[in-house]
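Quick note on the working numbering: the sequence shown kicks off at 2 and runs consecutively.
We put the CB at the ideal spot given by N, CA and C, even for glycine.
Given the structure is predicted, the values throughout are model-derived calculations rather than measurements.
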Amino acid sequence: MLDFELAELYGVDTAQLKRAVRRNIKRFEGEDFMITLSVAETEDLRSRCQNGTMKIEDSSKGRGYNIKYGSFAFTELGVAMLSSVLRSDTAIEINRNIMRAFVELRRLTQMVNASYQELQHEINDVKAYIEDILRDQNDINEEHSAQLEAISLALASLQTQKRQEKPRRRIGFDAKDDDLI
Numbered sequence: 002m003l004d005f006e007l008a009e010l011y012g013v014d015t016a017q018l019k020r021a022v023r024r025n026i027k028r029f030e031g032e033d034f035m036i037t038l039s040v041a042e043t044e045d046l047r048s049r050c051q052n053g054t055m056k057i058e059d060s061s062k063g064r065g066y067n068i069k070y071g072s073f074a075f076t077e078l079g080v081a082m083l084s085s086v087l088r089s090d091t092a093i094e095i096n097r098n099i100m101r102a103f104v105e106l107r108r109l110t111q112m113v114n115a116s117y118q119e120l121q122h123e124i125n126d127v128k129a130y131i132e133d134i135l136r137d138q139n140d141i142n143e144e145h146s147a148q149l150e151a152i153s154l155a156l157a158s159l160q161t162q163k164r165q166e167k168p169r170r171r172i173g174f175d176a177k178d179d180d181l182i
């Protein structure tokens, strides 16, 4: 967000906002907080901005028509930091709300982390239970395979013993058995 937009939101003049930033410039070092736009970039943005501080009728008066300095463009971190250096009631309220939001986020993060650990524990329990079931099922399958193999071998040996014990009579007509002639 641009400095003149934030000044309007915080209920302060743009000059007062810029003074507060310059007095506390160490708080805004780095592009992750704020960047300074050139005069040309500022003019281009103000001409496109619907909420600009300069209105068309103001240009005839001369005040604010000529931009001397570039605007500050703030990131979300810069907006949060700005609320801590401004002294308006709105800025103080915004700063309080930001702090409350951070505390709430930390609380929610801890709750989510606890829930995550609980779910992880339950998942590990279910995995162990399923592994036990699969292990038992494999043991049962191995036992059944061994039993079925033993039954097959027993049946095969019974069939061979039965064939060896009693010779089978041949079916059909045999010339040796013909007593009639």
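*Spatial neighbours of residue 92 within its chain, please: CB distance less than 6 Å, with the 5 preceding and 5 following residues excluded, ordered by chain position.*
Position 91 of the sequence shown holds residue 92. Excluding residues within five positions, the ones whose Cβ falls inside 6 Å are 11 and 84.
_Which of the three DSSP states is assigned to residue 174 in this structure?_
Here residue 174 refers to the residue found at position 173 when the sequence shown is read from its first residue. For residue 174, the three-state secondary structure derived from DSSP is coil.
*Mind checking residue 120: buried by the 16 CB within 10 Å criterion, or exposed?*
Here the question's residue 120 lines up with position 119 in the sequence shown. With fewer than 16 other Cβ atoms within 10 Å, it is exposed.
*Where residue 57 falls, given that 16 or more other Cβ within 10 Å makes a residue buried*: In the sequence shown, the residue the question calls residue 57 occupies position 56. Unreliable positioning characterises residue 57 in this predicted model, as indicated by a pLDDT of 41, which lies under 50. The coordinate reading is nonetheless provided below. Residue 57 should be labelled exposed.
*Skipping 5 residues on each side, what residues in its chain have a beta carbon closer than 7 Å to that of residue 21?*
Working through the sequence shown from its first residue, we reach residue 21 at position 20. Only 86 and 87 meet the Cβ criterion.
_Can you tell me which residues form a DSSP beta bridge with residue 3?_
Locating residue 3 in the sequence shown gives position 2, counting from the first residue. Its beta-bridge partners are 74.
*Taking residue 36 as part of the beta strand (DSSP E), name the residues at either end of that continuous run.*
Sequence index remark: in the sequence shown, residue 36 carries index 35 (1-based). Per DSSP, residue 36 belongs to the beta strand (DSSP E) from 35-37.
*Spatial neighbours of residue 29 within its chain, please: CB distance less than 7 Å, with the 5 preceding and 5 following residues excluded, ordered by chain position.*
Start at 1 with the first residue of the sequence shown, and residue 29 comes out as number 28. Only 22, 35, 79 and 82 meet the Cβ criterion.
*Entirely within the region 70-117 and at least 3 residues each: give me those beta strand (DSSP E) ranges in chain order.*
73-75
_Nearest-angstrom Cα separation, counted from residue 123 out to residue 76_ = By 1-based counting over the sequence shown, the position of residue 76 is 75. By 1-based counting over the sequence shown, the position of residue 123 is 122. Here the alpha carbon of residue 76 sits roughly 41 Å from the alpha carbon of residue 123.
*The alpha helix (DSSP H) with residue 20 in it runs from where to where?*
Counting from 1 along the sequence shown, the entry for residue 20 is found at position 19. Counting along the chain, the alpha helix (DSSP H) containing residue 20 begins and ends at 15-24.
*Is it buried or exposed for residue 4, if we count other Cβ within 10 angstroms and need 16 for buried?*
As a working note, residue 4 is residue 3 in the sequence shown. So residue 4 ends up on the buried side.
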